[in-house]
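Heads up, the thing below is written out as structure tokens.
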Ligand code: SF4
Ligand code: SF4
């Protein structure tokens, strides 16, 4: 968003408040400065010199989860999310809480393997005591071997040739199509087993699967910290890499990566990755769920915000689940409400993140399920955290795990 568009967006606000009707931070704190309308008003005041940039103001703008629940609610058509991103670029110098993270993100943006190697050491040494002291939110264990390290990955050379994929590529026996995976940091470092499940599901249907060397972070964490230039650099690297791959689809298990690449790259660099797709959409389009069976489970589904509000994918996962023999599907109350994770939000605003998450506890209890399914590694982290706090005895699964279980014929 350029300067003129930003000012134009802010000027359109008529203070009606429609945007805060679904805003999870507002609905939890019930304070105008912690809601969508308040943020737009404060950014407008900042531009009109009625408010000075400050630590407190920046915290209020960075306190937005970037969930997108306010999307489409504004009668004057303000793109609230993009306006908040732009406000963060202006205020990042005042956001003290984020300084350390910004420095770490700048240093590690294109060196994720080394960064996660160091983080893993730190996690082993310090994390458990800090977690017990309630200084840190629940963070899943960083895998000793990342998904890409354990996979056969492919360097994509300047000139793409199909023969590059002839040695070691994951091949189904009949090869009905080729799919590339955008792995993303959460699957690569925290949940490599989700990547394994996706591989298995695709191979079971004879897809050729390509995992590429050279993929970098989608850039979403950088953007959330106001580091637009860093996010742009990453977007260019990913577009350059994936545009040289011939595939029927490029799949992601993380809705934040998907929405960043699909919807935000075109705004950032004027170009995107055309075949980028959420896994649910691909599975529905290609009839993956038919004929699947698992032993009886009572299952409900939680909508990840970026999939729900951002990409409009709500029915696909439900259709998949309802069609698996053995699943009794129960709709959960407020299934579309944010879980409160929000990536770095859960670290910088731990208490608010937990308060938003705890609102889901009642819905889960009232639904009497034994399995909660979602389609986002971040939501899984948040629900695992809630499970530890309240002692839930339920399985929390990514939808790809459930499908993989059904295909392999085993249970978690
Ligand atoms: S993105 Fe979410 S948290 Fe941020 S203002 Fe909109 S509804 Fe509120
Ligand atoms: S919905 Fe739009 S016009 Fe109404 S308060 Fe929110 S940003 Fe302003």
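In the numbering used here, the protein residues as written are 171 to 582. C-beta atoms are modelled at their ideal positions from N, C-alpha and C, and glycine is treated no differently.
- Per DSSP, residue 541 is one residue of the beta strand (DSSP E) stretching across 541-544.
- The Cβ atoms of residue 550 and residue 568 sit closer than 8 Å to each other.
- Here DSSP, grouped into helix, strand and coil, assigns residue 470 to strand.
- In this structure residue 528 is in contact with residue 556, their Cβ atoms being roughly 7 Å apart against a cut-off of 8 Å.
- For residue 239, the CB falls within less than 7 Å of some heavy atom of ligand 1.
- Counting along the chain, the unbroken alpha helix (DSSP H) around residue 437 starts and ends at 435-439.
- One Cα belongs to residue 545, the other to residue 398, and the distance between them is close to 27 Å.
- With a beta-carbon spacing of about 6 Å, residue 275 and residue 391 fall inside the 8 Å limit used to define contacts.
- In the three-state DSSP reduction, residue 465 falls in the strand class (E or B).
- Residue pairing by DSSP places residue 499 opposite 469 in a beta bridge.
- Setting aside the 5 residues that flank it on each side, residue 244 is surrounded in the same chain by 188, 189 and 250, each with a C-beta closer than 7 Å to its C-beta; the list follows chain order.
- DSSP, read as helix, strand or coil, puts residue 538 in coil.
- With contact defined as three or more Cβ pairs closer than 8 Å, the stretch 420-427 and the stretch 350-358 are in contact.
- Collapsing the DSSP output to three states places residue 444 in coil.
- According to the DSSP assignment, residue 350 belongs to no alpha helix (DSSP H) but to the beta strand (DSSP E) extending over 347-351.
- DSSP lists 448 as the bridge partner or partners of residue 422.
- Per the DSSP secondary-structure output, residue 363 pairs with nothing in a beta bridge.
- Per DSSP, reduced to three states, the secondary structure at residue 565 is strand.
- With 16 or more other Cβ atoms from the protein chains shown falling within 10 Å of its own Cβ, residue 180 counts as buried.
- In the three-state reduction of the DSSP assignment, residue 255 falls in the helix class.
- By the C-beta density criterion, residue 246 is exposed, having fewer than 16 other C-beta atoms within 10 angstroms.
- Less than 8 Å separates the beta-carbon of residue 435 from that of residue 409.
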